[in-house]
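Working notes for the structure below.
There are 2 protein chains.
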Amino acid sequence: MRIGELARRAGTTTRTLRYYESRGLLPARRAENGYRSYDEGDLRLLQQIRTLQDFGFDLEETRPFVDCLRAGHPAGDACPASLAVYRRKLDELDALIAQLASVRAEVGAQLARAELEASADLPGGPPPRCELGGPT
Amino acid sequence: MRIGELARRAGTTTRTLRYYESRGLLPARRAENGYRSYDEGDLRLLQQIRTLQDFGFDLEETRPFVDCLRAGHPAGDACPASLAVYRRKLDELDALIAQLASVRAEVGAQLARAELEASADLPGGPPPRCELGGPT
DNA sequence: GTATTCCTTGACGCCGACGTCAACGCAAGG
DNA sequence: CCTTGCGTTGACGTCGGCGTCAAGGAATAC
Numbered sequence: 008m009r010i011g012e013l014a015r016r017a018g019t020t021t022r023t024l025r026y027y028e029s030r031g032l033l034p035a036r037r038a039e040n041g042y043r044s045y046d047e048g049d050l051r052l053l054q055q056i057r058t059l060q061d062f063g064f065d066l067e068e069t070r071p072f073v074d075c076l077r078a079g080h081p082a083g084d085a086c087p088a089s090l091a092v093y094r095r096k097l098d099e100l101d102a103l104i105a106q107l108a109s110v111r112a113e114v115g116a117q118l119a120r121a122e123l124e125a126s127a128d129l130p131g132g133p134p135p136r137c138e139l140g141g142p143t
Numbered sequence: 008m009r010i011g012e013l014a015r016r017a018g019t020t021t022r023t024l025r026y027y028e029s030r031g032l033l034p035a036r037r038a039e040n041g042y043r044s045y046d047e048g049d050l051r052l053l054q055q056i057r058t059l060q061d062f063g064f065d066l067e068e069t070r071p072f073v074d075c076l077r078a079g080h081p082a083g084d085a086c087p088a089s090l091a092v093y094r095r096k097l098d099e100l101d102a103l104i105a106q107l108a109s110v111r112a113e114v115g116a117q118l119a120r121a122e123l124e125a126s127a128d129l130p131g132g133p134p135p136r137c138e139l140g141g142p143t
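Residue numbers (our numbering), protein chains in the order written: chain A, 8 to 143; chain B, 8 to 143.
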């Protein structure tokens, strides 16, 4: 199949496929007229790449999976190098999530404090407090 | 004070300060010789910007805070526009964290599955299973 | 034949927040 | 005077993953 059909079947663009080829990730055979020629195996390689990309893997990180498939393994993650990428990505995700959670907490606290101070400065004095028990 | 001193005191670079000025975020007065001249107020504005940048706010998002300080408020988040940015950022963070958590779960599951299949293909047959009860 | 669509390569554009270099001016110390 | 170390503007480089356009050749539909 030619580049347009592969792109359509994988839900991507021809530009993307040419880019992958320029990176050496998905080289293509050539027909006599110079057109790139792909087969079903290439579609599977491409699907593997896209799946990982959707997960936030960058291109270089998908390379071990592609190599693994090309080496004849039924799954891209059947090779140690792929598993290593998985583990490294998990660590990255954990670190990133932790950092974002920390930022979220800080921003949330800042918002709460700022809202409190804003309401204290409003006309009519401070709004009703929430106090427990005791007759008024 | 001049640009180098301000940069040092804020823990950033002169290039960054010129960049902020080019974006209209932190304009500077000029001395007679053309040198940029800053005061303590500028340092506070800059600190506000850096704090938010460290939280992952992009430059445009810091603008309401800077404007708020420049308007004479004691805190950059004492203005409604700043609070709106806080809230938007919280929503963004929540969405991003949720997405990353989802990805983390999927990647973790893939890793577990791949490790299981790998161990099943190792020499010596599959490793000991973890089964409950029953005589062997 | 011709119109349309596909393919080719090459090259520039984009985004954000600066880094880095060039080429120069100005100031202060010895 | 000379050097060193500030400052100035301008402009190009960085990173990733492509988008977009240009100028042409090839295949297909009618």
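Cβ coordinates follow ideal geometry from the N, Cα and C atoms, glycine included.
- Leaving out the 5 sequence neighbours to the left and right, which residues in its chain are closer than 6 Å to Y42/B when beta-carbon positions are compared? R9
- Query: Tell me which same chain residues have a C-beta within less than 6 Å of the C-beta of Y27/A, skipping the five on either side of it?
  - Reply: Answer for Y27/A: L33, listed in chain order.
- Query: From the beta carbon of Q117/A, is the nearest beta carbon of chain B less than 9 Å away?
  - Reply: yes
- CB contact below 9 Å: S126/B versus chain A: Not closer than 9 Å to any Cβ of chain A, the Cβ of S126/B fails to qualify, so no.
- Task: For Y93/A, go through chain B and note every residue whose CB falls closer than 8 Å to its CB, in chain order.
- Result: Residues of chain B passing the Cβ test: V114, Q117, L118 and A121.
- Query: the segment 49-71 of chain A: which residues have C-beta closer than 8 Å to a C-beta of chain B, in chain order?
  - Reply: F62 and G63
- Task: Put R77/B into one of helix, strand or coil per three-state DSSP.
- Result: helix
- Of the residues G63/A, A85/A and R37/A, the one placed nearest E99/A, counting alpha carbons only: G63/A
- Item | Neighbour list for L32/B in chain A, Cβ cutoff strictly below 7 Å | In chain order: nothing, as chain A lies at least about 20 Å away.
- Query: For the putative contact between Q11/B and T21/B, defined by C-beta atoms under 8 Å, what is the C-beta separation to the nearest angstrom?
  - Reply: Reading off the sequence, residue 11/B comes out as Gly, not Gln. About 6 Å separates the two Cβ atoms, so the contact holds.
- Nearest neighbour of G115/A, chosen from E67/B, E47/B and V92/B [CA to CA]: Closest option to G115/A, Cα to Cα, is V92/B.
- Listed in chain order, which residues of the segment 94-111 of chain A have Cβ atoms closer than 8 Å to some Cβ of chain B? R94, K96, L97, L100, D101, L103, I104, L107, A108, V110 and R111
- Query: Hey, would you say the C-beta of S126/B is under 8 Å away from at least one heavy atom of the ligand HEM?
  - Reply: This structure lacks the ligand HEM; in fact it carries no ligand of any kind.
- Query: Is it right to say L13/B is buried, meaning 16 or more other beta carbons lie within 10 angstroms of its own, or is it exposed?
  - Reply: buried
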